[in-house]
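Taking it in order: structure first as structure tokens, then the write-up.
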Amino acid sequence: MGLKLDKIRLKIDGQEVEVEKGATVLEAAKAAGIYIPTLCYDEDLEPYGGCRLCVVEIEKMRGLPIACTTPATDGMVVHTSTPAVDAVRRTSLELLLARHPSDCLICNRRKPVIGEEQCSPYDVCLRSVAVTDRCVTCPANERCELQDVIDYLGITELRLPRDTERVPVDVSNPFFDFDRNRCILCARCVRACNEITGVGAIDLAYRGYSARVATFGDKQLLESICRSCGECVVHCPVGALAPKETHRPEREVKTTCPYCGVGCQMYLGIKDGKIIAIRGDKDNDVNRGRLCVKGRFGVGEYVTHPERLTSPLMNRNGEFVEASWDEALDEVARRFSRYNLDEVAVVSSAKCTNEENYILQKFSRAVLGTQNVDHCARL
Amino acid sequence: MAGLVTTFGSGAMTNSIGDIGDARCILIIGTNTTEAHPVIGWEIRKAARRGTRLIVANPRWIQLVREADLWLQHRPGTDVALLMGMCRVIVEEGLLDADFVAERCENFDAFKNSLEGFDLDFVERTTGVPRGQIVEAARMYAGNSPAAIFYAMGITQHSHGTDNVMATANLAMLTGNVGQPGSGVNPLRGQNNVQGACDVGALPNVYPGYQPVADPAIKDKFEQAWACSLSAQPGLTITEIFDAAYRGQIKALYVMGENPVLSEPEAKHAEEALQKLELLVVQDVFLTETARLADVILPGVTFAEKDGTFTNTERRVQLVRQAIEPVGNSKPDWWIIGQIAQRMGGKGFDLTGPSAIMDEIAQLTPAYGGISYRRLEEGGLQWPCPTEEHPGTPRLHTMLFSRGKGHFVPLEYRPPAELADDDYPLILTTGRSLFHFHTGTMSRKVRGLNVFQNEELVEMNPKDAAILGIADGDMVRVVSRRGAVVARACLTDASPAGMVFMTFHFAESPTNQLTNPALDPVAKIPEYKVTAVRIEKNGQMVAMTER
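Chains A and B, in that order, give the protein sequences. Using my numbering, read the first sequence as starting at 1 and increasing by one per residue. Using my numbering, read the second sequence as starting at 1001 and increasing by one per residue.
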């Protein structure tokens, strides 16, 4: 018996959309390829309705409902861009910008009009902007959801005076920084910490103008119960929570995490022959994008650590001396040949690949002739 | 693993990680999941918050206790009593799945008779868990199907670990909790590729695919495939290898990617055994404590510098892809072994690469028969995957158990090999920290991880510490019958009175110099989880009789 899911049909900006029952208006719009600006919405998290940017007009409904929490219903007629909608979301955004470094956002050189001068990362900033506010100082520059929203709404100037008082950056965590000056209070970090990992190290504290994301007792992250998985960093739409290492990889390689037996799938970001960034792969049934502190931050440094063994070594009277591969391999082969099968044993590794374990046990059994082969499964 | 083979016919996790949300009840025993398997720990936590009943059985307070409906704080090494006590309640109250037991299982009567030995007075006395909680746990587990059991080294690393595992299997079969989504018995494998190393035959008694060394037909099969003659005598396990080396019987040892100087129980003994060898070859990525004792060291590469596959805890074979060039003059481990084999006249070692090796594994390993790199490019495959067309198996034992019928095992309670006494009044149990891994060869090289923890901590209860005059942060000496280790005391209520906890991540405080090499008679796993110790401050021994 095929289970028939209930489908509903609605109209968004004149376009017929069919979605499963239970979908929100925002999800219906996404499914139809219609962009509604959002900041607090995150497909990995429960709908929140905090930023009020996704307001829409729905015929036969009063006011301006928000798309991310309003369930789509059959026959609904939705308009995503009307003068009333625009007025509300522009004002919401302008209020938000009054407390966010916004020089990068309204810079006329960032999205140059044809014929105008362009700006590349190494150009000198010609605008009279505080150094700390320049676009290149923000780790989220060019991959910032706030920039996307500003561009969509076409905001080019600030009407409200900006609050430029700075609060100290929390740099206590060894892997990422928390710069509250860039925080837009969308609470995606708070919700990721709570919904994805269940740790709940951070929450929105204080009220009104004083509201900020804080740990229990408003201590630094390192002194909190934070387990440093970095899910907050992954879900931050702006540059408030960002890795200390902000270089961008030249290419990415999908692989399997080398730490525990869960087998999380991840992308290693490579630059100059080194692993400089790691992100979880969302498209698999094991970790669905999630990674713990070791997988996300604990790999690159050991892989290319200066203490890595880089040459075969032979013990000569208590001192290790470098040898060529031929010398070392010949020596190993020659010396192992001297023993019979019950005098030799092989210890394989739960850290190595299936192929390597297979070859080592085959070598042990077929060449050394011994069944004395085991690994640390029991340890 | 041996325990699940006896009862179910297959030693691996029965269900998938994706199944966790389907469970109506989860029993976790002997696993600190959020520390050792973080992503699975989050999944369990999420399920619990969405209404899945969670029973935590652990002598120590762990993070998941916060989410638990019930915390059974049993004494270390009393798992069989606890689980069989739950079975007894289920049988007595008629909560068992009689159809499942009759149709799909065997040997129930013998098992039922063995429950005679577990009346709740005895269980309460032995485990220290109030009988009311045992009854509640039994009702909760039996009354909320599908119910899943998760366990890790806290179950297996005992001198009777196989009994512990069989007790979990008995409980699952008794309630029909095998085969459906959200049910099952799920051993969480510690290292990234423990499952795979076992699957492809890095074990002394079986060839790839758990095909017994002692079976003449299997011997023939591998002699033909590898064009050689093979011994029909199962070999020595890792701990037995070190004993044999210590006695001088094993003279030459090849070690790939392991650090037994820190990971073996009674590690001093393992280190001395290595020193007695005539030839020690170590293949590793760092100069480990073990490599320092080697005659020849061969530099292997990390996972990022080679292609290959790992098999995760839920039997899923997944690709490892080369991302960077090998560092310096290091080489992939498969290449190194192939070279040595060829220099010793071995046939079938002219290897072209990991993909071809996987093809050979698939030919000889029925459960991997349909696995190839071409298919893995599309995503992981869960074994058994016997043919090219087979989609893989997310759930084992759905219609039949791998061995046919589920086999109930009658059990009796056996105490740990070592108990607390006047000289060694505390029980040490070992485990892992979220921020480090195994012997620390990898994680200790990451500065950021060392910010979170950079030294061994002896977690102990403030009451014990008060008796011994120990303050939080004091350096203390932990002494067992086999050795002594110095580390910093950390006072915490997570450790119950009478028990201390240490990891084994720190070479400066090699915890395994203390642990007991008493082996489980079947699985040959050492009893890492129960070691009698005493704690000294300033070299002074304090009697703990006041306790």
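Note that CB positions come from ideal geometry on N, CA and C, so glycine has one too. These numbers come from a predicted model, not from an experiment.
Which chain B residues are close to residue 339(A), counting only those with a beta carbon under 7 angstroms from its beta carbon?
Here residue 339(A) refers to the residue found at position 339 of the first sequence. Going along chain B in sequence order, the residues near residue 339(A) (Cβ under 7 angstroms) are 1251, 1252.
Alpha-carbon spacing of residue 80(A) relative to residue 13(A), whole angstroms
Here residue 80(A) corresponds to residue number 80 of the first sequence, with the count starting at 1. Here residue 13(A) corresponds to residue number 13 of the first sequence, with the count starting at 1. Near 7 angstroms, if we compare the C-alpha coordinates of residue 13(A) and residue 80(A).
I'd like to know whether the C-beta of residue 257(A) is nearer than 9 angstroms to at least one C-beta of chain B.
In the first sequence, residue 257(A) corresponds to position 257, counting from 1. It does: the Cβ of residue 257(A) has a partner Cβ on chain B nearer than 9 angstroms.
Please find out if some non-hydrogen atom of the ligand FAD comes closer than 8 angstroms to the beta-carbon of residue 1423(B).
Among the ligands in the structure shown, none appear at all, so the ligand FAD cannot be discussed.
Could you check the C-alpha separation between residue 1065(B) and residue 197(A) for me, to the nearest Å?
Position 65 of the second sequence, counted from the first residue, corresponds to residue 1065(B). Position 197 of the first sequence, counted from the first residue, corresponds to residue 197(A). So the two alpha carbons sit approximately 15 angstroms from each other.
Fully enclosed by the segment 184-227 of chain A, which beta strand (DSSP E) runs are 3 residues long or longer?
202-205, 212-215
At a Cβ threshold of 9 angstroms, is residue 1263(B) touching chain A?
Start at 1 with the first residue of the second sequence, and residue 1263(B) comes out as number 263. It does: the Cβ of residue 1263(B) has a partner Cβ on chain A nearer than 9 angstroms.
How many angstroms separate the CA atom of residue 1473(B) from the CA atom of residue 1369(B)?
Sequence index remark: in the second sequence, residue 1473(B) carries index 473 (1-based). Sequence index remark: in the second sequence, residue 1369(B) carries index 369 (1-based). Roughly 54 angstroms separates the two Cα atoms.
Which residue from 1281(B), 1293(B), 1234(B) puts its Cα closest to that of residue 1262(B)?
Taking the first residue of the second sequence as position 1, residue 1262(B) is located at position 262. It is 1293(B).
Whole alpha helix (DSSP H) elements within the segment 1411-1466 of chain B, 4-residue minimum
1447-1452
Element boundaries [alpha helix (DSSP H), containing residue 1033(B)]
Taking the first residue of the second sequence as position 1, residue 1033(B) is located at position 33. Here the alpha helix (DSSP H) through residue 1033(B) covers 1033-1036.
Spell out a yes or no on whether the segment 1186-1197 of chain B and the segment 1073-1083 of chain B are touching, meaning 3 or more CB-CB pairs, one atom from each, closer than 8 angstroms.
no
One or two residues paired with residue 1516(B) in a DSSP bridge
For the purposes of this step, residue 1516(B) is taken as the residue at position 516 of the second sequence. Answer is 1527(B).
Minimum Cβ-Cβ distance from residue 317(A) to chain B less than 9 angstroms:
Within the first sequence, the letter at position 317 stands for residue 317(A). So, not an interface residue.
Beta carbon of residue 1265(B) nearer than 9 angstroms to that of residue 1517(B):
Within the second sequence, the letter at position 265 stands for residue 1265(B). Within the second sequence, the letter at position 517 stands for residue 1517(B). A contact, by the Cβ cut-off of 9 angstroms.
Thinking residue 1514(B) and residue 1485(B) are a contact (beta carbons under 8 angstroms), I'd like their distance in whole angstroms, please.
Against the second sequence, residue 1514(B) aligns to sequence position 514. Against the second sequence, residue 1485(B) aligns to sequence position 485. Residue 1514(B) to residue 1485(B), Cβ: 6 angstroms. Contact.
Bridge partners for residue 1535(B) per DSSP, in chain order?
Here residue 1535(B) refers to the residue found at position 535 when the second sequence is read from its first residue. According to DSSP, which records beta bridges pairwise, residue 1535(B) is partnered with 1478(B).
Cβ closer than 8 angstroms: which chain B residues qualify as neighbours of residue 51(A)?
Residue 51(A) sits at position 51 when you count from the first residue of the first sequence. Result: empty, since nearest Cβ-Cβ is about 25 angstroms, beyond 8 angstroms.
Could you round the C-beta distance between residue 300(A) and residue 275(A) to whole angstroms and report it? I think they count as a contact, below 8 angstroms.
By 1-based counting over the first sequence, the position of residue 300(A) is 300. By 1-based counting over the first sequence, the position of residue 275(A) is 275. At roughly 4 angstroms, the Cβ-Cβ gap stays under 8 angstroms, so residue 300(A) and residue 275(A) are in contact.
Can you list, in chain order, the residues of its chain with a C-beta nearer than 6 angstroms to that of residue 1157(B)? Leave out the 5 residues immediately preceding and following it.
Taking the second sequence and counting its residues from 1, one reaches residue 1157(B) at position 157. Counting only Cβ-Cβ distances below 6 angstroms, and skipping sequence neighbours, we find 1525, 1528, 1529.
Looking only at its chain, what residues have a beta carbon closer than 7 angstroms to the beta carbon of residue 201(A), apart from the 5 residues adjacent to it on each side?
Your numbering for residue 201(A) matches position 201 in the first sequence. Cβ neighbours of residue 201(A) beyond the five flanking positions: 193, 215, 224, 225, 226.
Along chain B, which residues have their Cβ under 7 angstroms away from the Cβ of residue 357(A)?
By 1-based counting over the first sequence, the position of residue 357(A) is 357. In chain order: 1196, 1197, 1200, 1202.
Using three-state DSSP, classify residue 1310(B) as helix, strand or coil.
If you number the second sequence from 1, residue 1310(B) lands on position 310. Residue 1310(B): strand per DSSP, three-state reduction.
If you drop the 5 nearest sequence neighbours on each side, which residues of the same chain put their C-beta closer than 6 angstroms to that of residue 1141(B)?
For this step, residue 1141(B) is matched to residue 141 along the second sequence. Contacts found: 1025, 1027, 1147.
Quick one: is residue 1207(B) near chain A, going by C-beta distance under 9 angstroms?
On the second sequence, residue 1207(B) is found 207 positions in, with the first residue counted as 1. Yes, contact with chain A.
Taking DSSP as the reference, what is the three-state secondary structure of residue 1344(B)?
Working through the second sequence from its first residue, we reach residue 1344(B) at position 344. In this structure, residue 1344(B) counts as coil in the three-state DSSP scheme.
Taking buried to mean at least 16 other C-beta atoms within 10 Å of its own C-beta, is residue 318(A) buried or exposed?
On the first sequence, position 318 is the one that residue 318(A) refers to. With fewer than 16 other Cβ atoms within 10 Å, it is exposed.
Would you list the residues sitting across from residue 1212(B) in a DSSP beta bridge?
One-based indexing of the second sequence puts residue 1212(B) at position 212. Answer is 1206(B), bridged to residue 1212(B).
Taking Cβ-Cβ distances shorter than 9 angstroms, what residues in chain A pair up with residue 1258(B)?
For this step, residue 1258(B) is matched to residue 258 along the second sequence. Correct list: 347, 348, 349, 350, 351, 375, 376, 379.
Check whether the Cβ of residue 1(A) lies closer than 9 angstroms to any Cβ atom in chain B.
If you number the first sequence from 1, residue 1(A) lands on position 1. Residue placement at residue 1(A) is flagged as unreliable, the pLDDT there being 40, under the threshold of 50; the coordinate-derived value follows with that caveat. No - not a single Cβ of chain B is within 9 angstroms of the one on residue 1(A).
Over the uninterrupted alpha helix (DSSP H) stretch that includes residue 1161(B), give me the two end residues.
Indexing the second sequence from 1 puts residue 1161(B) at position 161. First-last of the alpha helix (DSSP H) with residue 1161(B): 1161-1174.
When you compare only the Cα positions, how much space is there between residue 1251(B) and residue 373(A)?
The residue you call residue 1251(B) lines up with position 251 of the second sequence. The residue you call residue 373(A) lines up with position 373 of the first sequence. So the alpha carbons of these two residues sit roughly 14 angstroms apart.
Can you find the residues in the same chain that come closer than 7 angstroms, C-beta to C-beta, to residue 1112(B), ignoring five residues on each side of it along the sequence?
In the second sequence, residue 1112(B) corresponds to position 112, counting from 1. Excluding sequence neighbours, residue 1112(B) sits near 1091.
Under three-state DSSP, which class holds residue 1546(B)?
Start at 1 with the first residue of the second sequence, and residue 1546(B) comes out as number 546. Note that residue 1546(B) scores a pLDDT of 44, beneath 50, so its modelled location is shaky and nothing firm can be said.
Residue 175(A) versus residue 310(A) - alpha carbon distance:
Here residue 175(A) refers to the residue found at position 175 of the first sequence. Here residue 310(A) refers to the residue found at position 310 of the first sequence. Residue 175(A) and residue 310(A): Cα-Cα distance of roughly 27 angstroms.
At what residues does the beta strand (DSSP E) containing residue 254(A) begin and finish?
Residue 254(A) sits at position 254 when you count from the first residue of the first sequence. Note, residue 254(A): beta strand (DSSP E), 251-256.
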